[in-house]
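Read the structure below first, then the notes.
Number of protein chains: 4
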Amino acid sequence: MTISTTDKTPFDDDKLHEECGVFSVYDHDDAAALAALGLHALQHRGQEATGIVACDENGQFLAHRALGLVSEAFGAQYVIDRLKGRTAIGHNRYATTGETMVRNIQPLYADLSFGGFALAHNGNLTNAHALRQKLVNDGAIFQSTTDTEVVIHLMAVSRKKTVAEKMVDALKQVEGAYSFVAAATGLVIGVRDPHGIRPLVLGRLGDAHILSSESCALDIIGAQFVRDIEPGEMVVINEKGVLSQRPFGGAPSSRFCIFEYIYFARPDSMMEGRSVYGTRREIGAELAREAPCESADLVVPVPDSGVPAAIGYAQESGIPFELGIIRSHYVGRTFIEPTDKIRHLGVKMKHNANRAFIDGKKIVLVDDSIVRGTTSKKIVEMLRAAGAKEVHMRISSPPTAHSCFYGIDTPSTEELLANRMDAKKIGKFIGVDSIAYLSADGLYRATGHAQRDNQSPQYCDACFTGDYPVRLADHEARATGAKVSSLSERLSKS
Amino acid sequence: MTISTTDKTPFDDDKLHEECGVFSVYDHDDAAALAALGLHALQHRGQEATGIVACDENGQFLAHRALGLVSEAFGAQYVIDRLKGRTAIGHNRYATTGETMVRNIQPLYADLSFGGFALAHNGNLTNAHALRQKLVNDGAIFQSTTDTEVVIHLMAVSRKKTVAEKMVDALKQVEGAYSFVAAATGLVIGVRDPHGIRPLVLGRLGDAHILSSESCALDIIGAQFVRDIEPGEMVVINEKGVLSQRPFGGAPSSRFCIFEYIYFARPDSMMEGRSVYGTRREIGAELAREAPCESADLVVPVPDSGVPAAIGYAQESGIPFELGIIRSHYVGRTFIEPTDKIRHLGVKMKHNANRAFIDGKKIVLVDDSIVRGTTSKKIVEMLRAAGAKEVHMRISSPPTAHSCFYGIDTPSTEELLANRMDAKKIGKFIGVDSIAYLSADGLYRATGHAQRDNQSPQYCDACFTGDYPVRLADHEARATGAKVSSLSERLSKS
Amino acid sequence: MTISTTDKTPFDDDKLHEECGVFSVYDHDDAAALAALGLHALQHRGQEATGIVACDENGQFLAHRALGLVSEAFGAQYVIDRLKGRTAIGHNRYATTGETMVRNIQPLYADLSFGGFALAHNGNLTNAHALRQKLVNDGAIFQSTTDTEVVIHLMAVSRKKTVAEKMVDALKQVEGAYSFVAAATGLVIGVRDPHGIRPLVLGRLGDAHILSSESCALDIIGAQFVRDIEPGEMVVINEKGVLSQRPFGGAPSSRFCIFEYIYFARPDSMMEGRSVYGTRREIGAELAREAPCESADLVVPVPDSGVPAAIGYAQESGIPFELGIIRSHYVGRTFIEPTDKIRHLGVKMKHNANRAFIDGKKIVLVDDSIVRGTTSKKIVEMLRAAGAKEVHMRISSPPTAHSCFYGIDTPSTEELLANRMDAKKIGKFIGVDSIAYLSADGLYRATGHAQRDNQSPQYCDACFTGDYPVRLADHEARATGAKVSSLSERLSKS
Amino acid sequence: MTISTTDKTPFDDDKLHEECGVFSVYDHDDAAALAALGLHALQHRGQEATGIVACDENGQFLAHRALGLVSEAFGAQYVIDRLKGRTAIGHNRYATTGETMVRNIQPLYADLSFGGFALAHNGNLTNAHALRQKLVNDGAIFQSTTDTEVVIHLMAVSRKKTVAEKMVDALKQVEGAYSFVAAATGLVIGVRDPHGIRPLVLGRLGDAHILSSESCALDIIGAQFVRDIEPGEMVVINEKGVLSQRPFGGAPSSRFCIFEYIYFARPDSMMEGRSVYGTRREIGAELAREAPCESADLVVPVPDSGVPAAIGYAQESGIPFELGIIRSHYVGRTFIEPTDKIRHLGVKMKHNANRAFIDGKKIVLVDDSIVRGTTSKKIVEMLRAAGAKEVHMRISSPPTAHSCFYGIDTPSTEELLANRMDAKKIGKFIGVDSIAYLSADGLYRATGHAQRDNQSPQYCDACFTGDYPVRLADHEARATGAKVSSLSERLSKS
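Protein chains in written order, with this note's numbering: chain A, 1 to 494; chain B, 495 to 988; chain C, 989 to 1482; chain D, 1483 to 1976.
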């Protein structure tokens, strides 16, 4: 993921976006092919670019990285065939800037003193700028503008002996959220940050060991889910098997990203022992209990993200679930609306009201979150135009009022609707008859806790609460002076 | 659509496929842009190729045709900008052969004695081969291997005066199923075959007149639905307005394709006065009444096509509706599975079981139809592997036992599972605990009729009944000798 | 070649351009590969686009056509491999319009009543418009805007029996200059127009028969030169061998294009029994006798076209030959000069003065012709800037004062410098100390004749004399009314 | 240029190849456009890839690098437009490996502690491997496999203050042949190695300062030649003008590459005060005196490289100069010969005999050098087949018997024909009636010296004499162990 964030995303600029997915295969004849399939199953975590680095038994590394979807980048047989070796790591990247640089596509690769080294990262390092500046002053030459590269340079100058020791040496200097997969000759390393903010799971396919951001990518290749990597755990996978270490010591203090349950993860994944789909349904049921709407005729989801919570809401409330809004399967990245005159048609490119079922009805409209509110506003207008009598918005999360600095592409705090308005005003702004958000405690109940432990919260919920579990060094430096960001700007241009 | 049909389709070789969608705009500043948006909304009717021909007030025609999706073909601003003129017609084409020829992409265009003429076709002509052979013997030179081009050559040699008269002259010689949109200088023509097998609707956007295969494409551009074009009706749209003719005389004998309700059309379309989504839900409810499964724990659709019927089934039966199977959003055309060893993973590229909800459950599995049965078999295996205790298949249509010759890409009759087995054997083949198809009468009830009128059926249901409303001249000739098809083979190569 | 001509050519807008080269192979395992090599040797006759149509023993035709050079279009192994069959014909096309349409790339192909038919043309038909209009009125649908297609439609409606008879039937209706190669199942046809304006030679490679615009293309594939096809001769090559016919009867009245000797043909070709290089040297010697320049220090060619005549001039005059101007090898089609400020640098992209040899010298500058004079003017300026004391221009042909209508891309007569000025004024315009053109008689002497036979000239020299050997029907019609050209304009747009 | 060399070159594997050209512009509105034009004029020095890095007054660097010719890489207006800034440096690269990596395309760029830095190199560093290994051990991460990058890393870790000082610090550690142009914010640096093996000239265009490998690139943009940069001289060009330094101290000991005169440089360039074309003509005259061939009928050059020497030979000997071999203008990189059966046709793709002038003649065949001898052999065979009575080979340089390690792509010494045979055997091998090479003293005479000063030779002529002016550290290390080259191999794969 990149140091600079941006508000503009090509798919939907009124959604939050996961920035990355990672995947690795150790010891399989078809390592690169399996990595491509795994990345394909993780496509929802990043659609901008993708890459695989494979390593053979002679320590020879071969890479392919490209803009676009996994199916595009790895669609040609010869591309996969070229990536020889029984080890492969891969990465999906989310679109963050209009003009993405190929050199920022992960996995990153470098020739270090011990040989080749490849690294893929899901998350965001919060002190990368400061570290980078120091490294450059000491003679380091960076190839990319990613925060991730800092880790490689810290390893390059580390005086430790083994690859794993060098990596620990580097990780002890970085702050932020991360799940890394890395490959060197003869080994793969997987590691989650001490709070385990981003996910990483271990799987097994015959004798091969797999690491993946989500369990759904194990299913696609027929691998078995073994377990989640734990917060602060590093696994070194080599010919001896899977060796677990706890480089940061102590008992893990888990602060897993609760938004994975609400929106990011695929519904068929298991995360930290819970079904994502089941959790979303439970969230919907909780929402029906907290914010009922007895007079409504229909529960209508904003597809596709609102569907599981809407099913839960409908089941709990007894109000019929209907697909009152149809989502096009063909929403893609490249379709430009031709003239200003027809630009207002935009939202219908993606969603269309099922007029026959909306006309004259009182509707509970279920969505997972509201970011800027522009899409919600248009959907409500569309339902009104289709004859909806009443529209009652139900949001399956608390108000999104704070930016994420841990690997999710969010607008600046100022642009978040919930930072500027309370729920009542938001309801007025988007034009609904009523609006309700799920409470934080309701959300924690749906994830199996009695309530949010405000002393020591069970999850990272900073986007709702502003309670950031990890220090934001670069962000604070940027707030006090322009030095850091001007470096970033210059870098991003050349 | 093409003369030769094929069994192989890149997206899913176990589904039937609509072969085309058509769209036209008369008298709008942004005619080509609107056509692109309309075709985008009709993308489900053809994903292989797409084209637009625009015509300006000087009778100058400009065309753009390309392989791929509408968003790809018309994604660049300059492509749309080049298509000047207040009239435009467009076409989506379904993949029928591996190597599609650009010259087969519609709309077709020809310089006739009266000027330029463009034509787009949804359907299939059943005597095109015979007509083509005669025309070639008389000196006609064909540019494509489409059946559609026969109409243009018949018009070229017609001695009638006006464009519309020449077109009627031509249509009186062709047999089959068709909805055509055509453009000549200063006019657009829309026409449905005498049985109205394929759909065509009329809409209005300010002063502009729109023709579209489906009403959902009117919604995307903010146009109002006016009415269905009637079976056997031709409308000539010019500066005087919309002039309706009945070139084939008499009262229309409607035989609209009932499969549009079951699977092809978008759920947010209205067809022949009925909501497609509503009809599918009603079909599901009818199926629940005909084939209940009281002991089941869950109703699970095969996504996405089985969803509306599954909702109907669940509501009627009171069994909870759950997304027990998750469908990837990123199923595309180009992803090649790398080696034989991992080819069996195929089906999971598209569908994955939601194990947490399947394990230990008795499941009603709802799908719209079974073609060859290969996909159904794999999905049932996947549910079993995820721990399903029982799987009860419910199909929201009668058995598909006969090929379509009217514009749907179907396997040969021999390859259709229901042509070779009865329901019981099919159930055994795909591995379910029970299976039931909706009856023909049940299907007709769900579409608003008391039952199927076997004397004069209200729909074309030939794929279920073998009752073909239009003669199959080429098919019969092919059955009796090799001459015709060898022509087609030679043509398809050069 | 196209009906519409244009003044703008991407390579050098101050040169005349041959519009096409043709090549055919009959009965060789590697027919398409040999055709590609042959077309490569004929690249100078057309750089815009190229195509090959191959035909196998089952009458199956396969084609590949593309914009660009032969080496680009046929550079990939699989492209050639796909073109199966022991017969192949090919074509190079010169750039005539900025936006070339793929459907105009030859060889043209059509399915006629007898099977497939492919046709490639070097030359220009002077009554194509009139014929086309008549054919369209009778129901013909044209695919391209080329004049060549008229021949195919005339064949399609011919009532004659065999392919050769149909072709003769068609050719008797067309007027103009042409060398055609054509292929149908089991045969290749080659034919030159009754005056033999454009070249065509017959060669042999083992058992295979070759036809080619020039003999240099026989050398490249190791084939032996057999003979020139004669004016008005048609050869039908099939399993019986090479059968010669004289469909237009009588003794041939040869009017071979004399400009082939002066500029168009490759210097290593033999044409009508004469070495092109030798003829050019002889032309230079003739020029030295007619227009000596005794005080000069050096003979400098405008490279590369002026080199052979300059060698002849130097040898005859005894003045040393020097490469006083260097031509870049990398003059290509795509390099756009970036801003107006540096646009005047243009000519140096191609030519640079060899200052050390020019400074202080009196120079005889030899070029083959002057079209608009813009390039000559810049070259003289460049020599002056490099210190040339005197520049004496010697042109190795008579003044180019008339447009060509027989297959050479020339500006309109009005734009030709020699149409607007006499030699003295031209010399002043381009800034030389003296100028001389070769006389017509001198030119005829250099080609082996005592002088030009003004009653019955031995060559087509219409560009110098305005004496057009074939009627210009379309040109005359255009001069008297706008009907024809407006058809062409409409056609060129769609 | 790259660390690894190779024998295989796509254009002509029997020629030596210059590996690079460099060009820079300081202080011009159209800096990048001028750089593209300059590189276009230097295209003969490298056709594989090209790049430009521009820098604006804010220290923002923008780069474009691509495989292919300058006209391809910079053909689109927007590419040039994007390269904003009044400073630009550029580079052409010769094809050395089949699969070139984009990251090896120069100019290289790095963010150093003082800001952006771009570097382009013509030459080869002979101790790059050793330096690289040391830098990697200290934590440096290399981006490319070029020797050039070593200089940037040495600068990155230099403790000197200014950019120029850091560069001198780096250059004092490297050995080999180099002409560098470099850009940092507000300045351009040009430097030649202490022996001045590779060329570099200074020019002026209005207020702008230009550096270029050859003077012909000054002509193309209308710039004035100022002077050669001297061996061991560094010029720093900034707002104060052109500041000359002598970082390596002492009087320059010039060992300019004599092969630039023989073959590499463009004939319209001036080098070290001498006209390249004039020198080649003089070489030809010298050869005529050393190795006359009085009975011959014609002097025929192997085009294009043999032409100037052949003109000199003809003038000196009085034997007529004729273009007995024609070279195709369309010899490009991508044309693959289709099958083994026709592979022997290869050489005719490029050269064809002018049979009418060869038949029955005794020929002096002039070429610049013989590398492996394969091409010479084929050309002689071609002349024999065209009827040549005698062929007398005259080579305008001494035998090429030693590899170059200073920036010319040569085969290994073992593959050089002159390393394995004496002249007599070579003549027999290539099939000529007689053969003669120019003597070293003759070559020195033609370049203006009485003879070669064997104590202190005036040029680098190592390829003829094996007298290498600069130590070959990596080469010697490689000869004694495999360590270094295995590093290179690993690098070249990832």
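C-beta atoms are modelled at their ideal positions from N, C-alpha and C, and glycine is treated no differently.
Nothing here was measured: the structure is a model prediction, and the numbers come from that model.
(message) Using only the alpha-carbon positions, how far apart do T994 of chain C and Y1166 of chain C sit?
(response) Here residue 994 of chain C is taken as the residue at index 6 of the third sequence, counted from 1. Here residue 1166 of chain C is taken as the residue at index 178 of the third sequence, counted from 1. Confidence is the limiting factor: at T994 of chain C the pLDDT is only 24, short of 50, which leaves the residue's position unreliable and the question unanswerable from this model.
(request) Run down chain D in chain order and give the residues with a C-beta less than 7 angstroms from the C-beta of R1254 of chain C. (result) As a position in the third sequence, residue 1254 of chain C is number 266, starting the count at 1. Going along chain D in sequence order, the residues near R1254 of chain C (Cβ under 7 angstroms) are I1808.
(request) State the start and end residues of the unbroken alpha helix (DSSP H) segment that holds L472 of chain A. (result) In the first sequence, counting from the first residue as 1, residue 472 of chain A sits at position 472. Where L472 of chain A is concerned, there is no enclosing alpha helix (DSSP H), given that its DSSP letter is neither H nor E.
(request) Counting only the same chain and skipping the five closest in sequence on each side, list residues whose C-beta sits under 7 angstroms from that of R1315 of chain C. (result) Here the question's residue 1315 of chain C lines up with position 327 in the third sequence. If we look at R1315 of chain C and ignore the five residues flanking it on each side, its Cβ neighbours are P1291, D1292, K1338 and H1339.
(request) Within the same chain, show all residues whose beta-carbon is closer than 8 angstroms to that of I924 of chain B, passing over the 5 residues directly before and after it, in chain order. (result) Numbered from 1 along the second sequence, position 430 holds the residue referred to as residue 924 of chain B. For I924 of chain B, where only same-chain residues beyond five positions count, the Cβ hits under 8 angstroms are I864, G867, S870, K871, V874 and M887.
(message) With the cut-off set at 8 angstroms, would you say A804 of chain B and V730 of chain B are in Cβ contact?
(response) On the second sequence, residue 804 of chain B is found 310 positions in, with the first residue counted as 1. On the second sequence, residue 730 of chain B is found 236 positions in, with the first residue counted as 1. No.
(request) With 8 angstroms as the limit, tell me which residues of the region 1591-1602 of chain D have their beta carbon closer than that to any beta carbon of chain A; keep them in chain order. (result) Listed by position along the chain: Y1591, A1592, D1593, L1594, S1595, G1597 and G1598.
(message) Under DSSP, the beta strand (DSSP E) around N586 of chain B begins and ends at which residues?
(response) Start at 1 with the first residue of the second sequence, and residue 586 of chain B comes out as number 92. Taken as a continuous stretch (DSSP letters only), the beta strand (DSSP E) holding N586 of chain B covers T581 to R587.
(request) Tell me whether M167 of chain A counts as near the ligand SAH, meaning its Cβ is closer than 7 angstroms to at least one heavy atom of that ligand. (result) With respect to small molecules bound, the structure shown includes none, and the ligand SAH cannot be examined in it.
(message) Can you confirm whether H1141 of chain C, when its beta carbon is compared against all beta carbons of chain B, has any partner nearer than 8 angstroms?
(response) Residue numbering aside, residue 1141 of chain C sits at position 153 when the third sequence is read from its first letter. Yes, H1141 of chain C counts as interfacial toward chain B.
(request) Return the CA-CA distance between I1414 of chain C and P1387 of chain C, expressed in angstroms with no decimal places. (result) Reading the third sequence from its first residue, position 426 is the one you call residue 1414 of chain C. Reading the third sequence from its first residue, position 399 is the one you call residue 1387 of chain C. C-alpha separation (whole angstroms): 10 angstroms.
(request) Please go through the same chain and pick out, in chain order, the residues whose beta-carbon is closer than 6 angstroms to the beta-carbon of S1968 of chain D, but skip the five residues on each side of it. (result) Here residue 1968 of chain D corresponds to residue number 486 of the fourth sequence, with the count starting at 1. At S1968 of chain D the pLDDT is 32, less than 50, meaning the model places this residue with poor confidence; the figure from the coordinates comes in the next sentence. If we look at S1968 of chain D and ignore the five residues flanking it on each side, it has no Cβ neighbours.
(request) Compute the Euclidean distance between the alpha carbons of S1626 of chain D and I1845 of chain D, then round it to the nearest angstrom. (result) As a working note, residue 1626 of chain D is residue 144 in the fourth sequence. As a working note, residue 1845 of chain D is residue 363 in the fourth sequence. Cα to Cα, the separation comes out at about 49 angstroms.
(request) Kindly indicate which three-state DSSP category Q1233 of chain C falls into: helix, strand or coil? (result) The residue you call residue 1233 of chain C lines up with position 245 of the third sequence. Three-state DSSP puts Q1233 of chain C in a strand.
(request) Could I get the ranges of all uninterrupted beta strand (DSSP E) runs contained in the region 1818-1896 of chain D, with 3 residues as the minimum, in chain order? (result) Those beta strand (DSSP E) runs which fall completely within the region 1818-1896 of chain D and span 3+ residues are 1833-1835, 1844-1849 and 1872-1877.
(request) Name the two residues that bound the continuous beta strand (DSSP E) containing I683 of chain B. (result) Taking the first residue of the second sequence as 1, we reach residue 683 of chain B at position 189. In the DSSP assignment, I683 of chain B falls within the beta strand (DSSP E) that extends over L681 to R686.
(request) Would you decide whether D1512 of chain D is buried or exposed? Buried here means 16 or more other CB atoms lie within 10 Å of its CB. (result) What you label residue 1512 of chain D is simply residue 30 of the fourth sequence in a count that begins at 1. When all chains shown are included, D1512 of chain D counts as buried.
(request) Check A1961 of chain D in the structure and name its three-state DSSP category. (result) Position 479 of the fourth sequence, counted from the start, is the residue given in the question as residue 1961 of chain D. Helix at A1961 of chain D.
(message) Below 7 angstroms on C-beta distance, what does Q245 of chain A contact in chain D?
(response) Taking the first sequence and counting its residues from 1, the one referred to as residue 245 of chain A is at position 245. Correct list: empty, because the minimum Cβ distance to chain D is about 24 angstroms.
(request) Decide if D147 of chain A is buried, meaning its Cβ has at least 16 other Cβ atoms within 10 Å, or exposed. (result) As a working mapping, residue 147 of chain A is identified with position 147 in the first sequence. By the 10 Å Cβ count, D147 of chain A comes out buried.
(message) Tell me the rounded alpha-carbon separation between A388 of chain A and L298 of chain A.
(response) Against the first sequence, residue 388 of chain A aligns to sequence position 388. Against the first sequence, residue 298 of chain A aligns to sequence position 298. In this structure, the alpha-carbon of A388 of chain A lies about 11 angstroms from that of L298 of chain A.
(request) Name the two residues that bound the continuous alpha helix (DSSP H) containing C476 of chain B. (result) There is simply no residue 476 of chain B to check, as chain B begins at 495 and stops at 988 in what is shown.
(message) Here's a check: name, in chain order, each residue in its chain whose Cβ is nearer than 8 angstroms to the Cβ of I1068 of chain C, leaving out the five neighbours to either side.
(response) As a position in the third sequence, residue 1068 of chain C is number 80, starting the count at 1. Excluding sequence neighbours, I1068 of chain C sits near A1020, A1021, A1024 and F1062.
(request) At 9 angstroms on the CB atoms, spell out the chain D contacts of F142 of chain A, in chain order. (result) Stepping through the first sequence from its first residue, residue 142 of chain A is reached at position 142. Result: A1592, D1593 and I1623.
(message) Distance cutoff 8 angstroms, beta carbons only. Does E1067 of chain C sit that close to anything in chain B?
(response) Against the third sequence, residue 1067 of chain C aligns to sequence position 79. According to the sequence displayed, residue 1067 of chain C carries Val and not Glu. So no, V1067 of chain C is outside the interface.
(message) Given this structure, state the Cα-to-Cα distance separating S1385 of chain C from R1585 of chain D, to the nearest angstrom.
(response) One-based indexing of the third sequence puts residue 1385 of chain C at position 397. One-based indexing of the fourth sequence puts residue 1585 of chain D at position 103. Taking the straight line joining both Cα atoms gives about 52 angstroms.
(message) I want to verify the contact list: residues of chain D whose CB lies under 7 angstroms from the CB of I1423 of chain C, in sequence order.
(response) The residue labelled residue 1423 of chain C in the question sits at position 435 within the third sequence. Taking the beta carbon of I1423 of chain C as reference, no residue of chain D falls within 7 angstroms; the closest one sits roughly 25 angstroms away.
(message) DSSP three-state label for L932 of chain B, please.
(response) In the second sequence, residue 932 of chain B corresponds to position 438, counting from 1. L932 of chain B falls in the coil class under three-state DSSP.
(request) Let me know if R1737 of chain D comes out buried or exposed under the rule of 16 or more other beta-carbons within 10 Å of its beta-carbon. (result) Counted from its first residue, the fourth sequence places residue 1737 of chain D at position 255. By the neighbour-count rule (16 or more Cβ atoms within 10 Å), R1737 of chain D is buried.
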